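Asks: Sharing a structure below in structure tokens format, with a few things to ask.
Protein chains: 4
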Amino acid sequence: MEKLLNRLIKENEYLVQYGKVADYIPALKNANPNEIGICIMDVEGNLYSGGDYNKKFTIQSISKVLSLMLAVMDKGEEGVFKKVDMEPTDESFNSLYKLDLPYGEKPSNPMINSGAIVTTSLIDGRGEEKFNRFLEIVRKITQDDNIIYNKEVYISEKETGDKNRAIAHILKNKKLIEEDIEDILDAYFKQCSIEVDCIDLAKIGIFFANGCKIPNTGEALCDEEIGTLVTAIMTTCGMYDFSGEYAAKVGIPSKSGVSGGILGIVPGRFGIGVYGPALDKHGNSIVGYGILKGLSKELGLSIFKSNTEGRFSCVI
Amino acid sequence: MEKLLNRLIKENEYLVQYGKVADYIPALKNANPNEIGICIMDVEGNLYSGGDYNKKFTIQSISKVLSLMLAVMDKGEEGVFKKVDMEPTDESFNSLYKLDLPYGEKPSNPMINSGAIVTTSLIDGRGEEKFNRFLEIVRKITQDDNIIYNKEVYISEKETGDKNRAIAHILKNKKLIEEDIEDILDAYFKQCSIEVDCIDLAKIGIFFANGCKIPNTGEALCDEEIGTLVTAIMTTCGMYDFSGEYAAKVGIPSKSGVSGGILGIVPGRFGIGVYGPALDKHGNSIVGYGILKGLSKELGLSIFKSNTEGRFSCVI
Amino acid sequence: MEKLLNRLIKENEYLVQYGKVADYIPALKNANPNEIGICIMDVEGNLYSGGDYNKKFTIQSISKVLSLMLAVMDKGEEGVFKKVDMEPTDESFNSLYKLDLPYGEKPSNPMINSGAIVTTSLIDGRGEEKFNRFLEIVRKITQDDNIIYNKEVYISEKETGDKNRAIAHILKNKKLIEEDIEDILDAYFKQCSIEVDCIDLAKIGIFFANGCKIPNTGEALCDEEIGTLVTAIMTTCGMYDFSGEYAAKVGIPSKSGVSGGILGIVPGRFGIGVYGPALDKHGNSIVGYGILKGLSKELGLSIFKSNTEGRFSCVI
Amino acid sequence: MEKLLNRLIKENEYLVQYGKVADYIPALKNANPNEIGICIMDVEGNLYSGGDYNKKFTIQSISKVLSLMLAVMDKGEEGVFKKVDMEPTDESFNSLYKLDLPYGEKPSNPMINSGAIVTTSLIDGRGEEKFNRFLEIVRKITQDDNIIYNKEVYISEKETGDKNRAIAHILKNKKLIEEDIEDILDAYFKQCSIEVDCIDLAKIGIFFANGCKIPNTGEALCDEEIGTLVTAIMTTCGMYDFSGEYAAKVGIPSKSGVSGGILGIVPGRFGIGVYGPALDKHGNSIVGYGILKGLSKELGLSIFKSNTEGRFSCVI
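Protein chains in written order, with our numbering: chain D, 1 to 316; chain P, 1 to 316; chain V, 1 to 316; chain S, 1 to 316.
What follows is the structure, given as structure tokens:
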């Protein structure tokens, strides 16, 4: 398995030249596009990794998966989805124009910024509590109490966050968020600045792939159905306006972040974390996409595949 | 199993009152909203059915699944997707405005009218040949040479087809279709007018769920990968602008039609056909949605589910 | 003349029933829709008035005319129009979605909120100075040092100003405004809260109709060309998304405000102020529109009229 | 006067290099960008001209002014404006997307293609009669029975007319046009192909500037109010999505065509025809704009100008 992972890294690293590291804040701009890593965890808790799998990076938009989960845990499915839809959109991730159209009632889905600001606002707790609850769940899932957020990145996000502030004011105007805007954005910017590596992402992935149970301990953090919901929404909306093509070509429910991470879930089987900071025009890791496409093909991981030759007996 | 199917029909038939039969052409308007049917086929070719499973209705937009398949068979993935995208959209099914925006280059996906007019144009053959090829493949998949199209519906579609004509002229203007517009639309209107029942849909479903092989004969009509592609695009785009919520709540790759049919695919396991002509506001069968949601829950069919308790050993 | 004005009020007051007083802040909601006034001033400084012509109301969007003038005085035409366009738009006045589209570079024109926030930001002075400069020019034009702003309205605007804050953050994100957002919005909310009556509006109108000179004193406050520019932009953009029909039916360059005022300019001849707080669906005074349409017809005031029978010898 | 006209041509001919001749049909592509002409007619019927004022070109979109007039003559203001709005738009001239939005009810105005197809459909007569009526009015206004349409241009327009066909099908779908689409488009393409020179445009201009009366004969072809209406709509909508800036910079109600003509109206004073086939990015004659801006400034023709120093006494 690890041989396969290293081969996939080798085969796809040429893609770096076609991508571009995010540059809107200094901390992201300085990422090394040649650092590429992958880690896979199975339901038994076995880890397989390759490349720079333990390079730390900020989780960015992948955090949207967890704020959705927490919002549903805290406010219930109905409580969340009366304020955010779950439809894929051709808007870009930080778009707000749909909200401003005459028939724009709520954010399209929780995987774009406007939707994620809503889900963050729905996590229980005020001010600092909201983020503490978020951090605690990440630590629990990864079984790692050393997980922290990157203060420099957080401050940069906060300073350049005018687009997100505009979104928040529109949401407030539409009564989709209620608390103080700067408090919500603070929690949002902090959760985006949490530092993880590929192992952490693989652990988050296997948590969802395993019915919201932590593999090693078997501890269930929430209802399995929340995991199914999150996995479905990642599939239709997780890779920005490339989600459709990604589903067709890869078929692994995934969520990407602007720092170059991709979280992958193979229901019942694997959690996957990939890292490669050069991004394609949609904002997804360009090497990460290549690696996951290869991995899916080699191991037959697409959830859309009929797997007629012995799907369910498969052991790798 | 058939007990379950009949129970699900009973439990969901109250939904009829919240739906509305399509009324843009007389043939559809006269459908009886209380006729509800379902049929399931497994990979061994066993059939389970309930209600009005042998009521005939026109296939309508479900035909888009097959014109996508045929276009890819005839022109290759690249040949098709340079003319149509595969991204879900918040446009409605017969929308064209995105094509007219400065950055609107091609139809969002093959499950909306504009995309399907492109895929139909890419099926080999000119004039009558195109549709004959389409009809032949439906007959092969369903192993039923009596499948025909409904002339009355075809003529009605043709007469009221101004929106589709507008779309076709835009496509022509953008050089995304090349042949005579009325020829392409003729094939398109005819394929939409093919009459099927729930059994036929279940057979189409199992064909895809079984790696593009006909269960009884084992005959492969095309590469398994085309089936995976079609299944993925159905998941992200198949239920109009309700595809995201449908994926989250049902999790069965599906395509609906305005006459009230829904085609479902459970990869490696089942093909499903459901009928119920009362539609919700998105244009999907309102009872069909209810039944499929129930079915998915009872049998654990969502492709996003981790199925931790014995997924792959499941027998029903 | 005054007989004519009172007749026009009488003839149009029935329209009140089809309109609706603005209700987003308490101070506006409490306006009496039956209070209707009009005042006209000619280039000699003669005043003609009718109805509740001396009822005070907040100037609201009519202030956009003056912030445009001041911005051009302070930064020059080029300095202003590199940051705001001068095209009419089908957007509504507080829209921002165009700014968020991929090709949305600057506000469409200075008569919608986004454009006016830009022009206010371009008035010389920081913090309080900006508004003081604005207030001073109003006092000069109206020759009335008692003109003040309504604190209660200002505070209400500030408290409910989330949509304008969203706009300001988008503008900041696009580097179209540079100063502190709350400072700019403060000046903006204050200038909207300045209290005027129909006489004051007529004086502002005649100032522009008279080549930017104060009639009684002959003092020129700025170049005549700025007046021509402001008058043209009022014509194409001044009555929200009703500007085109208003031009065709009335033909008097005008700007309306949400409190029910309309400022009218007949170049070289008259300044007009009308008041009637019941608004039509576009946000224009419904009675004001009726009165101005009647006035234009009776006196042949449309700037689009050929006035073949003795236009230029005009006596009224 | 003619010295002035020739000077303005000289001063502005350098602009040719920044423009581009329309190239979507051969007949337009072959125009010589260095041919520049102007003609002005006053209410007494005096003609002043310069440059290539008698070069013939197809009238193109300037015909929209006359189809609007004829539609209002034949169906009344109400009959026309229940099917087309009179609001300026930020859409481009051949856009249709607004019509396809959920709240898109009718074309924004009669100066864009969709609106003009509606007004042409409202001219009395079926098939050939519609166009004959159009041609007859042009001949009457210009007092020239030799005016004809260019068959080659007409056929080219017809052959490349897919965008207009798309628009017509949308209009049909919305029941905004009722007759046979090809019949309406035929009349539309023919009227666009009528050949005129600057003198003809000046005659059309003075007709409107003179209360819809032919200067030499004094014959009134329709009510003066129709002229006021047309003039107003030209001002807010006549120069495509540059109408706002054009109003501010030139202030002469104008309509441009893709072949390089501009029709100008100075109410009560002048009719103007300008020709220069190189277009700016908005589709307006780039030299024509320059000349008209200069002319307006030199003679103080802007309808928004207060003309404090002796406006109405002016003789030239």
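By construction, the Cβ of each residue, glycine as well, lies at the ideal position given by its N, Cα and C atoms. Just so we're clear, the structure is a prediction, and the values are computed from it rather than from any experiment.
Since I believe K151/P is in contact with L221/P (beta carbons under 8 Å), could you give me their beta-carbon distance rounded to a whole number of angstroms?
Replies: That belief does not hold up - the Cβ atoms of L221/P and K151/P are roughly 27 Å apart, past 8 Å.
Asks: So is A166/P in contact with chain S if we call contact Cβ pairs under 8 Å?
Replies: For A166/P, the answer is yes, since a Cβ of chain S falls inside 8 Å of its Cβ.
Asks: Just how far apart, CA to CA, sit E2/P and S121/D?
Replies: The straight-line gap from Cα to Cα measures roughly 46 Å.
Asks: Could you check where the beta strand (DSSP E) with M41/P kicks off and where it finishes?
Replies: Looking at the DSSP string, the run of the beta strand (DSSP E) that includes M41/P is G37 to D42.
Asks: Of all the options N132/D, E129/D and A209/D, which has the alpha carbon lying nearest to the alpha carbon of G271/D?
Replies: Minimum Cα distance to G271/D is reached at A209/D.
Asks: How is I9/V classed by DSSP in three states: helix, strand or coil?
Replies: Helix, per DSSP.
Asks: So S259/D and M239/D are in contact, right, with Cβ under 8 Å, and what is the actual spacing, rounded?
Replies: Not quite, the Cβ-Cβ distance comes to about 15 Å (not below 8 Å), so this is no contact.
Asks: May I have the straight-line CA-CA distance separating Y149/V from L15/V, to the nearest angstrom?
Replies: Each residue's alpha carbon lies about 29 Å from the other.
Asks: Tell me the rounded alpha-carbon separation between R311/D and I184/P.
Replies: Low confidence applies here, because R311/D scores a pLDDT of 42, under 50, leaving its location unreliable and the question unanswered by this model.
Asks: Does the beta carbon of D186/D come closer than 8 Å to any beta carbon on chain V?
Replies: Not an interface residue.
Asks: Could you tell me if G244/S is buried or exposed, where buried requires 16 or more neighbouring beta carbons within 10 angstroms of its beta carbon?
Replies: Burial call: buried.
Asks: Where do the ends of the beta strand (DSSP E) carrying F270/D lie?
Replies: Segment F270 to Y275, the beta strand (DSSP E) holding F270/D.
Asks: Counting only the same chain and skipping the five closest in sequence on each side, list residues whose C-beta sits under 7 Å from that of I170/P.
Replies: Excluding positions up to five away in sequence, the list reads L96, L99 and D100.
Asks: At which residues does the alpha helix (DSSP H) containing S49/V begin and terminate?
Replies: Unbroken run through S49/V is the beta strand (DSSP E), L47 to G51; no alpha helix (DSSP H).
Asks: By the DSSP assignment, the beta strand (DSSP E) with G264/S in it spans what residues?
Replies: Unbroken beta strand (DSSP E) run through G264/S: G261 to V266.
Asks: Given that a residue counts as buried once 16 or more other Cβ atoms are within 10 Å of its Cβ, and exposed if not, what is P110/V?
Replies: So P110/V counts as buried.
Asks: Which chain P residues sit within Cβ distance under 8 Å of L101/S?
Replies: Result: Y97.
Asks: Could you name the residues of chain B that N173/V contacts, counting a contact when the two beta carbons are closer than 8 Å?
Replies: Chain labels in this structure do not include chain B; the protein chains are D, P, V and S.
Asks: Alpha carbon to alpha carbon, how far is E78/S from S67/S?
Replies: When rounded, the distance between both Cα atoms is 15 Å.
Asks: Rounded to a whole number of angstroms, what is the C-alpha to C-alpha distance between M86/V and K172/P?
Replies: Distance between the alpha carbons of M86/V and K172/P is about 35 Å.
Asks: Tell me whether the beta-carbon of T142/P lies closer than 8 Å to the beta-carbon of V80/P.
Replies: Not in contact: T142/P and V80/P (Cβ atoms no closer than 8 Å).
Asks: Can you tell me which residues form a DSSP beta bridge with V21/V?
Replies: In DSSP, V21/V forms a bridge with A278/V.
Asks: Among the residues of its own chain, which have a CB less than 7 Å from the CB of Y24/D, if the five just before and after it don't count?
Replies: Closer than 7 Å at the Cβ level, and outside the excluded window around Y24/D, lie T160.
Asks: With a threshold of 6 Å on Cβ separation, who are the neighbours of I233/D within its own chain once the five nearest residues in sequence on each side are excluded?
Replies: For I233/D, where only same-chain residues beyond five positions count, the Cβ hits under 6 Å are M86.
Asks: What first and last residue would you give for the beta strand (DSSP E) that runs through S256/V?
Replies: From DSSP, the beta strand (DSSP E) with S256/V extends over S254 to S256.
Asks: Can you have a look at Q60/S and say buried or exposed, based on whether 16 or more other CB atoms are within 10 angstroms of its CB?
Replies: When all chains shown are included, Q60/S counts as buried.
Asks: Report the residue ranges of all alpha helix (DSSP H) runs contained in full by the segment 84 to 128 of chain V; include only those spanning at least 4 residues, in chain order.
Replies: Listed in chain order, the complete alpha helix (DSSP H) runs (minimum 4 residues) inside the segment 84 to 128 of chain V are 97 to 100 and 113 to 122.
Asks: Determine which residues share a DSSP beta bridge with K55/P and list them.
Replies: Note: K55/P sits in no beta bridge, so no partner.
Asks: So, at 7 Å on beta carbons, what are the nonlocal neighbours of S156/D in its own chain, with the 5 sequence-adjacent residues on each side left out?
Replies: For S156/D, where only same-chain residues beyond five positions count, the Cβ hits under 7 Å are I25, P26 and A27.
Asks: Have a look at G288/V, G264/V, C237/V and S254/V and flag the residue whose alpha-carbon is nearest the alpha-carbon of T89/V.
Replies: That would be C237/V, whose Cα lies nearest to the Cα of T89/V.
Asks: I want to see whether chain P comes within less than 8 Å of I147/S, judged by CB atoms only; does it?
Replies: Output row for I147/S: interface = no.
Asks: If we ignore side chains and look at the alpha-carbon of each, how far apart do S108/P and S193/V end up?
Replies: In a straight line, the C-alpha of S108/P is about 47 Å away from that of S193/V.
Asks: Look at the Cβ atom of L263/S, then the Cβ atom of I62/S, and state whether they are nearer than 8 Å.
Replies: Yes, these two residues count as a Cβ contact at 8 Å.
Asks: Mark L301/S as exposed unless 16 or more other C-beta atoms lie within 10 angstroms of its C-beta, in which case mark it buried.
Replies: So L301/S counts as buried.
Asks: Give, in chain order, every residue of the segment 66 to 82 of chain S whose Cβ lies closer than 7 Å to some Cβ of chain V.
Replies: Taking 7 Å as the Cβ-Cβ cut-off against chain V, none of the residues of the segment 66 to 82 of chain S qualify.
Asks: Considering N34/S, what are the terminal residues of the alpha helix (DSSP H) in which it resides?
Replies: Where N34/S is concerned, there is no enclosing alpha helix (DSSP H), given that its DSSP letter is neither H nor E.
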